[in-house]
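If you're matching them up, the sequences are chains A and B in order.
Residue numbering for the first sequence follows our numbering, starting at 2 and increasing by one per position.
Residue numbering for the second sequence follows our numbering, starting at 2 and increasing by one per position.
Accompanying notes for the structure given below.
Protein chains: 2
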Amino acid sequence: MKYAEFQKQIKITRKSICKEFYKQNQDSIRIKKEETVIRNLEKIFNAALKISNAKGFQAMSMRDLSNEMGLSTGALYAYFSSKEDLLNKMQEHRHNIVMHIIDKYISPEKNAYQKLDMMIKVHLYLSEAMQPWFYFSYMETKNMSKSQREKTVAASFAIEKVITDIIKQGQEKRCFNKHDPDMSASIIKAMLQDWYLKRKKYATRNISVDDYAEFIKMVIMAFLNNP
Amino acid sequence: MKYAEFQKQIKITRKSICKEFYKQNQDSIRIKKEETVIRNLEKIFNAALKISNAKGFQAMSMRDLSNEMGLSTGALYAYFSSKEDLLNKMQEHRHNIVMHIIDKYISPEKNAYQKLDMMIKVHLYLSEAMQPWFYFSYMETKNMSKSQREKTVAASFAIEKVITDIIKQGQEKRCFNKHDPDMSASIIKAMLQDWYLKRKKYATRNISVDDYAEFIKMVIMAFLNNP
DNA sequence: GTCTATATACGGATAGAC
DNA sequence: GTCTATCCGTATATAGAC
């Protein structure tokens, strides 16, 4: 699978993200006309990600946000009850999407090699399709309320555990060598995250997500097969 | 070399960091008695790193800072002319220390293998000794003034280039295989950075900086020697 | 050299008009 | 459903006392 194909298979459009969000948070949004809500949510998320990722969520005021996306501050509060509410809901939403899609793509694969290969690709492709969301989530975790932060950290560990389990499975079947599975998963995660954390750098160097996937797959397999 | 030895060789104490800082910024600090300045700088940096790394530099007010470190807000402004000034000077200071020490340790090494080995260790050991500084620098880069941000990004690329050059040298001497040197340096950097970005995780799992150094050295050498 | 008190500005959130 | 006007709290930065 290449990125182009992944994109066709699951349409992670900005609109689809908002539609899903609306369904899950219908009760906490004061506006009731679906079409309006989705249109405005799209504007809110794009603006919030743009401003936050440029200068940090804390530095973004709700006035900044309303100016950028076109609604008044008052109207904004019909969608999110507070600035913190916006942060928490965005984090939660990203994490739901990610866990759902990873599971969808990994479960069908049978052997460890194919699972790991798929995990690398799906994680990179997802973070490519939703780059601002991933960057936002990473950079703003420490600014969240304690309970929300714990949720986010747990979600991050859950993803790491998917990798750990694949490695253990591969070691049992003797398809991978016996390196520490936790450490292995950890550095694999670090490489996966570098893609969305340093996206500008890779863009400047004309490295596509497919190039990157191929390279780190080579690195990972070289060491997992190295005695 | 192990971490314990590195620590003995260069005493990166909090005090020595402040002393060096004082020498380089003597003119912009209104207080003149060296002893007082160094004592207060130490308090300021510790408090700023503590608060910033917990909830972000933007979210830290100068009042927070003065409460935490014991000076009045007014007195604080005798040391730093603004909150932004504090951010920029801290970034610059960290980057001076890092470049200086990396050069000191890498230059004497002759062959590429030893240079790379040393680079991995020195970077990890430095980021261990100055973890709050490294974390701060990484997380707050995007919040800096444009010129300061460009400096920081350039400094980061300079470090990456040290790695790239070592890899190229090793490839010429046929001690490493022909993988893309830029991409190789890039993912090595990602693994080095993971150490200070996820320090809590590794602490929880009882992974020491020496364990980590050994593990990623194994990963890196496995792939650099893999045809 | 350091502290207290304060000027000035801006942010989050809401009430009420339309 | 959305906008304007506004309250109240808090931020940076400084002036002047000690």
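Each residue gets a CB set at the ideal place from its N, CA and C atoms; glycine is no exception.
What you are looking at is a predicted structure, and each value in this text was computed from that prediction instead of being measured.
Worksheet entry | Close Cβ partners of Ile13 (chain A) (< 7 Å) along its chain, the five nearest in sequence each way excluded | Taking the first sequence and counting its residues from 1, one reaches residue 13 (chain A) at position 12. If you ignore the 5 residues before and after Ile13 (chain A), its C-beta comes within less than 7 Å of the C-beta of Ala130, Met131, all in its own chain and listed in chain order.
Worksheet item: Using a Cβ-Cβ cut-off of 7 Å (strictly less than) and excluding sequence neighbours within five positions of Asn41 (chain B), which residues of its own chain qualify?
Response: Counting from 1 along the second sequence, the entry for residue 41 (chain B) is found at position 40. Closer than 7 Å at Cβ, skipping near neighbours: Leu72, Tyr80.
Practice prompt. Could you have a look at Leu72 (chain B) and say whether DSSP puts it in helix, strand or coil?
Written response: Along the second sequence, read from residue 1 onward, the residue named residue 72 (chain B) stands at position 71. Three-state DSSP puts Leu72 (chain B) in coil, outside helix and strand.
Worksheet item: Is Val154 (chain A) closer than 9 Å to Thr142 (chain A) when the C-beta atoms are compared?
Response: Position 141 of the first sequence holds residue 142 (chain A). Position 153 of the first sequence holds residue 154 (chain A). It is a contact, given that the beta carbons lie within the stated cut-off.
Worksheet item: Is Gly135 (chain B) buried or exposed, if buried means 16 or more other CB atoms sit within 10 Å of its CB?
Response: Here residue 135 (chain B) refers to the residue found at position 134 when the second sequence is read from its first residue. Correcting the residue identity first, residue 135 (chain B) is Phe in this sequence and not Gly. That one is buried.
Discussion item. Would you say Phe224 (chain A) lies against chain B (beta-carbon separation less than 9 Å)?
Written reply: Reading the first sequence from its first residue, position 223 is the one you call residue 224 (chain A). Taking 9 Å as the CB threshold, Phe224 (chain A) lines the interface with chain B.
Discussion item. Classify Phe158 (chain A): buried if its beta carbon has 16 or more other beta carbons within 10 angstroms, exposed otherwise.
Written reply: If you number the first sequence from 1, residue 158 (chain A) lands on position 157. Around the beta carbon of Phe158 (chain A), fewer than 16 other beta carbons lie within 10 angstroms, which makes this residue exposed.
Item to complete: Apply the 10 Å Cβ neighbour rule to Ala55 (chain A) and answer buried if 16 or more other Cβ atoms are within range, or exposed otherwise.
Response: Position 54 of the first sequence holds residue 55 (chain A). Exposed, because fewer than 16 other Cβ atoms sit within 10 Å of the Cβ of Ala55 (chain A).
Discussion item. Determine, for Ser83 (chain B), whether the minimum Cβ-Cβ distance to residues of chain A falls below 9 Å.
Written reply: Here residue 83 (chain B) is taken as the residue at index 82 of the second sequence, counted from 1. Taking Cβ atoms only, chain A never reaches closer than 9 Å to Ser83 (chain B), which makes this a no.
Worksheet item: Is DSSP giving Pro182 (chain B) helix, strand or coil here?
Response: Numbered from its first residue, the second sequence carries residue 182 (chain B) at position 181. Reduced to three states, the DSSP call for Pro182 (chain B) is helix.
Item to complete: Please check if any C-beta of chain A sits within less than 9 Å of the C-beta of Val210 (chain B).
Response: For the purposes of this step, residue 210 (chain B) is identified with residue 209 of the second sequence, where counting begins at 1. It does not: the Cβ of Val210 (chain B) has no partner Cβ on chain A nearer than 9 Å.
Worksheet item: Checking contacts by CB at 9 Å: is Val220 (chain B) closer than that to chain A?
Response: Looking up residue 220 (chain B) in the second sequence gives position 219. Taking Cβ atoms only, chain A reaches closer than 9 Å to Val220 (chain B), which makes this a yes.
Practice prompt. For Asp195 (chain B), decide whether its Cβ has a neighbour in chain A, counting only Cβ atoms nearer than 9 Å.
Written response: Counting from one through the second sequence, the residue named residue 195 (chain B) turns up at place 194. Yes, contact with chain A.
Worksheet item: In this structure, does DSSP put Thr142 (chain A) in helix, strand or coil?
Response: Counting from 1 along the first sequence, the entry for residue 142 (chain A) is found at position 141. In the displayed model, Thr142 (chain A) falls within a helix according to three-state DSSP.
Discussion item. I need the boundaries of the alpha helix (DSSP H) containing Gly57 (chain B), first residue and last residue.
Written reply: Looking up residue 57 (chain B) in the second sequence gives position 56. Unbroken run through Gly57 (chain B): none, as it is neither H nor E.
Discussion item. Assuming Ala48 (chain A) and Met70 (chain A) are in contact, meaning their beta carbons sit under 8 Å apart, how far apart are those beta carbons, in whole angstroms?
Written reply: Here residue 48 (chain A) refers to the residue found at position 47 of the first sequence. Here residue 70 (chain A) refers to the residue found at position 69 of the first sequence. Between Ala48 (chain A) and Met70 (chain A) a beta carbon distance of about 4 Å is seen, short of the 8 Å cut, so the two are scored as contacting.
Item to complete: Using a Cβ cut-off of 9 Å (strictly closer), state whether Gln59 (chain A) contacts chain B.
Response: Sequence index remark: in the first sequence, residue 59 (chain A) carries index 58 (1-based). Judged by the 9 Å Cβ criterion, Gln59 (chain A) is in contact with chain B.
Worksheet item: Is Pro133 (chain B) helix, strand or coil when you go by DSSP?
Response: As a working mapping, residue 133 (chain B) is identified with position 132 in the second sequence. Look at Pro133 (chain B) here: in three-state DSSP terms it is helix.
Item to complete: State whether the stretch 197-212 of chain A contacts the stretch 92-102 of chain B, with contact taken as three or more CB pairs (one from each stretch) at a distance under 8 Å.
Response: These segments do not touch.
Worksheet item: With a cut-off of 8 Å, do at least 3 Cβ pairs link the stretch 145-153 of chain B to the stretch 20-36 of chain B?
Response: Short answer: they don't touch.
Worksheet item: So, is Asp195 (chain B) buried or exposed, given that buried needs 16 or more other C-beta atoms within 10 angstroms?
Response: Counting from one through the second sequence, the residue named residue 195 (chain B) turns up at place 194. Result: buried.
Discussion item. Just to confirm my understanding: we take Gln8 (chain B), look at its own chain, exclude 5 residues before and 5 after, and list those with CB closer than 7 Å. What are they?
Written reply: Translated into positions along the second sequence, residue 8 (chain B) becomes position 7. These residues qualify, in order along the chain: Ala130.
Item to complete: Closer than 8 Å by beta-carbon distance: list the chain B residues that pair up with Met140 (chain A), in chain order.
Response: Counted from its first residue, the first sequence places residue 140 (chain A) at position 139. Chain B residues near Met140 (chain A): Met140, Lys143.
Worksheet item: To which residues of the same chain is Pro133 (chain B) closer than 6 Å at the C-beta, ignoring the five residues directly before and after it?
Response: In the second sequence, residue 133 (chain B) corresponds to position 132, counting from 1. Counting only Cβ-Cβ distances below 6 Å, and skipping sequence neighbours, we find Leu50, Asn54.
Worksheet item: Which residues of chain B have a Cβ atom closer than 7 Å to the Cβ of Lys56 (chain A), listed in chain order?
Response: As a first step, residue 56 (chain A) must be located in the first sequence, where it is residue number 55. The contacting residues are Lys143, Asn144.
Worksheet item: What are the boundary residues of the alpha helix (DSSP H) that Asn97 (chain A) is part of?
Response: The residue you call residue 97 (chain A) lines up with position 96 of the first sequence. In this chain, the alpha helix (DSSP H) harbouring Asn97 (chain A) covers 84-107.
Worksheet item: Comparing alpha-carbon positions, which option in B:Arg175, B:Lys201, B:Leu198 lies nearest Asn226 (chain B)?
Response: On the second sequence, position 225 is the one that residue 226 (chain B) refers to. With respect to the C-alpha of Asn226 (chain B), the residue from B:Arg175, B:Lys201, B:Leu198 having the closest C-alpha is B:Arg175.
Practice prompt. Give, in chain order, every unbroken run of the alpha helix (DSSP H) that is at least 4 residues long and sits entirely within the stretch 152-217 of chain B.
Written response: Counting whole runs of 4 or more residues, the stretch 152-217 of chain B contains the alpha helix (DSSP H) stretches 182-198, 200-205.
Fill in: Identity of the residue in B:Arg31, B:Asp86, B:Ala113, B:Asn89 nearest Ile168 (chain B) by Cα
Mapped onto the second sequence, residue 168 (chain B) falls at position 167. Of the candidates B:Arg31, B:Asp86, B:Ala113, B:Asn89, the residue whose Cα lies closest to the Cα of Ile168 (chain B) is B:Ala113.
Worksheet item: Any idea if Thr165 (chain A) is buried or exposed, counting beta-carbon neighbours within 10 angstroms, 16 or more meaning buried?
Response: Position 164 of the first sequence, counted from the first residue, corresponds to residue 165 (chain A). Label assigned to Thr165 (chain A): buried.
Worksheet item: Does the beta carbon of Asp95 (chain A) sit closer than 9 Å to a beta carbon anywhere in chain B?
Response: Stepping through the first sequence from its first residue, residue 95 (chain A) is reached at position 94. It is Arg, not Asp, that sits at residue 95 (chain A) in the sequence shown. By the rule that beta-carbons nearer than 9 Å mark a contact, Arg95 (chain A) does not touch chain B.
Item to complete: Say whether chain B places a C-beta atom closer than 9 Å to the C-beta of Phe177 (chain A).
Response: Counting from one through the first sequence, the residue named residue 177 (chain A) turns up at place 176. By the rule that beta-carbons nearer than 9 Å mark a contact, Phe177 (chain A) does not touch chain B.
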